[in-house]
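Each residue of the sequence shown is one higher than the last, beginning at 2 in the numbering used here.
Heads up, the beta-carbon is just placed ideally off N, CA and C, and yes, glycines get one too.
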Amino acid sequence: MKKKLTAIYSFLLLLFYNHLIGQNIDKYKDKVDNLSFTYYALQPQSKVVGVLVLLPGSGENPKSIFEKTSLAQIMANNGYLILAPELHNSLFADLSTIKELDKICKTQCDKYKVSSLMIGGFSSGGAVAVGYAEHLLKSDTSNILKGVFTIDPPLDLTRLYASALRKINYQCKGLIMKEGYAIKGILENSLGGSPDSKPEQYLIHSSYTANDSEGGNAKYLKSIPIRLYTEPDLDFVRKTYCTDLQVDDINAYDLESLYKFLLKIGNKNVEYITTRGKGFHSWNIVDAPDCANWMMSISK
């Protein structure tokens with residue numbers, strides 16, 4: 002029965018994607034500081050009323066987002082220009098990524114004279130989405146950003162580094178150990194060392210820092226509508242990847258902690274949305290029609 006349902010879903014997804022391709026997902030190239038980058042755009046058939054930026058996870062083709070979720074199509078049907086930029090391999094919103102997103106968002110919002118910007122992302126792209134939202138909220142007085150959503154991202158880089166060390170030392174070979182070494186290497190190369198040797202760098206670049214009384218950069222999220230999506234299935238990851246994995250080895254740990262922090266500082270528009278059986282780490286976690294309705298409601 003499960004295989005039959007999977008086949009039906011795959012067929013419907015193929016029909017959806019073929020329909021979407023017919024509506025022209027265009028590819029563009031731009032440049033910032035003499036560095037070129039690529040992004041994809043889905044143009045609404047009606048007047049553009051806003052811009053939605055969808056950010057891919059590490060190694061994910063941004064164009065594939067249009068296949069994996071119907072969110073882009075639904076929002077395009079409601080007048081939103083959908084942008085999916087290609088990001089370099091980063092676990093956070095670094096300076097070059099911020100400049101790239103600034104260029105894309107400003108160019109398109111100015112072009113269509115809109116004052117409604119939404120941003121969301123998956124995995125590392127979700128961390129970038131939150132980090133970029135914080136950048137706008139602390140530096141932009143135009144109030145163009147209306148909301149942000151994030152799907153199972155690593156937000157606290159100090160927690161992520163500690164998890165990477167544990168994964169290296171767990172009695173589990175293969176993927177988990179490789180992931181631990183990879184994350185440790187990326188963070189040390191990007192931030193100049195470990196959290197012990199470079200605590201300020203980890204604080205500056207984390208979207209959320211649990212061991213900081215102000216939550217690090219998360220303090221800038223006090224008033225923005227934000228949705229935190231995750232499927233905290235520890236049993237699944239233990240059975241699939243490694244029996245030694247702990248609750249603070251999965252990204253849901255950051256999201257639940259951030260949710261509690263934002264409630265504590267007075268954000269009445271934060272939602273922590275958990276799912277079961279929809280896909281431990283995937284775009285499927287998001288109920289696209291419901292998310293689209295939420296974005297439309299906060300854009301007014």
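From the options, residue whose alpha carbon lies closest to that of residue i
i	options	result
V52	V149, Y221 and I274	V149
K1	D34, S47 and I187	With the chain running from 2 to 301 in the structure shown, residue 1 is simply not present.
Y230	I83, V131 and L84	V131
G193	Y162, E215, K240 and D141	Y162
A77	P57, T98 and V49	V49
N268	R239, G217 and S224	S224
V115	D141, S283 and G80	G80
R228	K199, G217 and D291	D291
K185	S198, L166, A85 and L56	L166
For residue j and residue i, the rounded distance between their alpha carbons
i	j	result
L222	L138	7 angstroms
I22	C173	Since pLDDT at I22 reaches only 43, below the 50 mark, its modelled position is unreliable, and no value is offered.
M119	K30	21 angstroms
V129	G122	7 angstroms
N252	Y113	36 angstroms
N270	E257	15 angstroms
S117	N190	36 angstroms
K107	N62	23 angstroms
G60	S125	10 angstroms
F237	T276	13 angstroms
K28	V54	14 angstroms
A289	L176	30 angstroms
Q46	S97	32 angstroms
A293	S195	39 angstroms
P154	Y209	11 angstroms
F281	K240	12 angstroms
D255	M297	27 angstroms
F262	Q74	33 angstroms
A85	N218	24 angstroms
E135	C243	34 angstroms
The beta strand (DSSP E) enclosing residue i, as first and last residue numbers
i	result
F316	Absent from the model: residue 316. The displayed extent of the chain is 2 to 301, so no value can be given.
G193	Counting along the chain, G193 falls outside any beta strand (DSSP E), and DSSP gives it neither H nor E.
D31	I26 to V33
L161	Taken as a continuous stretch (DSSP letters only), L161 belongs to no beta strand (DSSP E), being part of the alpha helix (DSSP H) at L158 to N170.
K114	That residue, K114, is in no beta strand (DSSP E); it is neither H nor E in DSSP.
L82	Y81 to P86
E257	From DSSP, E257 is part of no beta strand (DSSP E) but of the alpha helix (DSSP H) over A253 to K265.
F281	No beta strand (DSSP E) contains F281, which DSSP labels as neither H nor E.
K269	It is not in any beta strand (DSSP E) - K269 carries neither H nor E in the DSSP assignment.
L92	Premise fails: L92 is in no beta strand (DSSP E) and is neither H nor E.
Chain-order list of residues whose beta-carbon lies under 7 angstroms from that of residue i (same chain, five-residue window excluded)
i	result
D249	R160 and S164
Y182	I169
K279	E232, N285 and I286
K104	D31 and V33
C110	V52, L118 and I145
Y273	L229, L256, E257 and Y260
E215	none
beta-carbon residue i near the ligand FAD non-hydrogen atom, thresh 6 angstroms
i	result
L256	Here there are no bound small molecules, and the ligand FAD is not part of this structure.
Unbroken alpha helix (DSSP H) run spanning residue i, endpoints
i	result
G47	The question names Gly, but residue 47 is Ser in the sequence shown. Looking at the DSSP string, S47 is not in any alpha helix (DSSP H), and its letter there is neither H nor E.
V238	L235 to T241
Y203	P200 to H206
I225	Run containing I225: none; DSSP gives neither H nor E here.
K301	K301 -> no alpha helix (DSSP H), and no H or E assigned at all.
Beta-carbon contacts of residue i that lie in its chain and below 8 angstroms, excluding the five residues immediately before and after
i	result
I26	Y41, A42, L43, K64 and F67
S37	K30 and D31
M178	K168, I169 and Y171
K220	I266
Cut-off 6 angstroms between Cβ atoms - residues of its own chain near residue i, not counting five sequence neighbours on either side
i	result
T39	K30 and E87
I299	K147, G148 and P226
Cutoff 7 angstroms: residue i Cβ touching any chain C Cβ
i	result
I26	Here there is only one protein chain, and chain C is not present.
Can you confirm whether the segment 63–78 touches the segment 92–108 when touching is taken to mean that 3 or more C-beta pairs between the two stretches lie within less than 8 angstroms? no
Would the segment 199–214 and the segment 232–247 be scored as touching if the rule is three or more Cβ pairs under 8 angstroms? No, because fewer than three Cβ pairs between the segment 199–214 and the segment 232–247 fall closer than 8 angstroms, the two stretches do not touch.
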